[in-house]
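First comes the structure, then the notes that go with it.
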Amino acid sequence: MAKLIVSDLDLKGKKVLVRVDFNVPIKNGVIGDDNRIVAALPTIKYIIDHGGKAILLSHLGRVKSDADKKELSLRPVAERLSELLEKPVTFVPENEGKEVEEAIDNMKDGDVVVLENTRFQDIDNDFGKRESKNDPKLGEYWASLGDVFVNDAFGT
């Protein structure tokens, strides 16, 4: 099966799970360089302009403990993305569970949701480094959130 590109797809009404590279420098909640966010704009705009629902997944930094969560949250990235898109972007402070599923269920065509840093899955001591060790159950869960998957992460 040949790989398709986003413009090959009928996106109207589809939940489009997009792996983006929003691994940007953030210090005290301020983004130092937004080039990676800007680089993802064409894909995100294409999806929302064609009636898709963009669900964005990214990691940010290397999360080693709960103490890292504040500095490595994707909330500032979602806020910057909203400014760049000139439209609201919903930030979900989780990347798994009921809050995520409800946010996605409430999306309308053309909406954008940013899920929390995928590397937050690496500090769950009961299961180990789920994200960076490619936990199959976690991957299956994330895949279940969308109708279509687009890999737009040049760094992964």
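To convert, note that position 38 of the sequence shown is 24 in this note's numbering; the numbers rise steadily by one, no gaps. Quick reminder that beta carbons are idealized off the backbone N, C-alpha and C, glycines included. Since we're looking at a predicted model, the values are computed, not measured.
Could you spell out the range, first to last residue, of the beta strand (DSSP E) harbouring residue i?
{"i": "ASN137", "result": "134 to 137"}
{"i": "ALA26", "result": "First-last for ALA26: 21 to 35, but that is the alpha helix (DSSP H), not the beta strand (DSSP E)."}
{"i": "VAL100", "result": "98 to 101"}
Judging by CA-CA distance, which residue of the options is the nearest neighbour of residue i?
{"i": "ASN9", "options": "ALA26, LEU131, LYS1 and LYS0", "result": "ALA26"}
{"i": "ASP52", "options": "ARG105, ASN14, ILE17 and GLY96", "result": "ARG105"}
{"i": "ASP97", "options": "LEU(-10), ALA64 and GLY15", "result": "ALA64"}
Give the range of the alpha helix (DSSP H) segment to which residue i is assigned.
{"i": "LYS84", "result": "84 to 91"}
{"i": "LEU3", "result": "Where LEU3 is concerned, there is no enclosing alpha helix (DSSP H), although the beta strand (DSSP E) it sits in stretches over 1 to 5."}
Are the beta-carbon atoms of residue i and residue j separated by less than 8 Å?
{"i": "LYS56", "j": "VAL49", "result": "no"}
{"i": "PRO74", "j": "SER68", "result": "yes"}
{"i": "ALA136", "j": "VAL2", "result": "One detail in the question is off: residue 136 reads as Val in this sequence, not Ala. For VAL136 and VAL2, yes; Cβs fall inside 8 Å."}
{"i": "GLU102", "j": "LEU60", "result": "yes"}
{"i": "VAL86", "j": "MET93", "result": "no"}
{"i": "TYR32", "j": "GLU82", "result": "no"}
{"i": "ASP19", "j": "PRO28", "result": "no"}
If residue i sits next to residue j, beta carbons under 8 Å apart, how far is it from one beta carbon to the other, in whole angstroms?
{"i": "ARG5", "j": "ALA139", "result": "5 Å"}
{"i": "ASP133", "j": "LYS0", "result": "4 Å"}
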